[in-house]
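*Asks:* Under the working numbering, the residue at position 32 of the sequence shown is numbered 48, and the numbers go up by one with no gaps.
Glycine residues also receive a C-beta, built at the ideal position from the N, C-alpha and C atoms.
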Amino acid sequence: WEQPNVLCLVYDVTNEQSFDNCNKWLERLRAQAVGVHIPGVLVGNKTDLADRRVVEQEQAQEWAEKHGLEYCEMSVKEMKNFEAPFHILGKLFHQLYKDKVETFHSLA
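Shown next as structure tokens:
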């Protein structure tokens, strides 16, 4: 990736390793964008497999907050809340755009 504006990390709520891998991906991204805040969302997928869940919602929510990310959960299989990450990313990107426009206006 080159000069990312927003990020989306998706993990499987039934797989602890996939959640742990989010740390690695975030570290790699931040190593590429030193000193730049990149807003984003952490997404827990496969909520339809509630009986197999190993990553609790509260745990993931706390991790997301600690790293300055929004959080949501979804089930692509059941088509539940699958649009939420896109709405969040759109909102974050729109805010970045507004901030840049304000910066340009203040420089003019």
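Which word fits residue 12, buried or exposed, when buried means at least 16 other C-beta atoms lie within 10 angstroms of its C-beta?
*Replies:* Absent from the model: residue 12. The displayed extent of the chain is 17 to 124, so no value can be given.
*Asks:* Using the Cβ count rule (16 or more neighbours within 10 Å means buried), how would you classify residue 86?
*Replies:* So residue 86 ends up on the buried side.
*Asks:* Name the DSSP bridge partner or partners of residue 89?
*Replies:* According to DSSP, which records beta bridges pairwise, residue 89 is partnered with 60.
*Asks:* What would DSSP say about residue 65, mapped onto helix, strand or coil?
*Replies:* In this structure, residue 65 counts as coil in the three-state DSSP scheme.
*Asks:* Among all the DSSP beta bridges, which residues are the ones paired with residue 27?
*Replies:* Note: residue 27 sits in a beta bridge opposite 60.
*Asks:* If you follow the alpha helix (DSSP H) that residue 114 is part of, which residue opens it and which one closes it?
*Replies:* Residues 100-123.
*Asks:* Excluding the 5 residues preceding and the 5 following residue 22 in the sequence, name in chain order all residues of the same chain whose CB lies nearer than 6 Å to its CB.
*Replies:* So the list reads 55, 56, 105, 108 and 109, once near-sequence residues are dropped.
*Asks:* For the candidate residues 59, 84 and 83, whose alpha-carbon lies nearest to that of residue 73?
*Replies:* Residue 73 has its Cα closest to that of 59, out of 59, 84 and 83.
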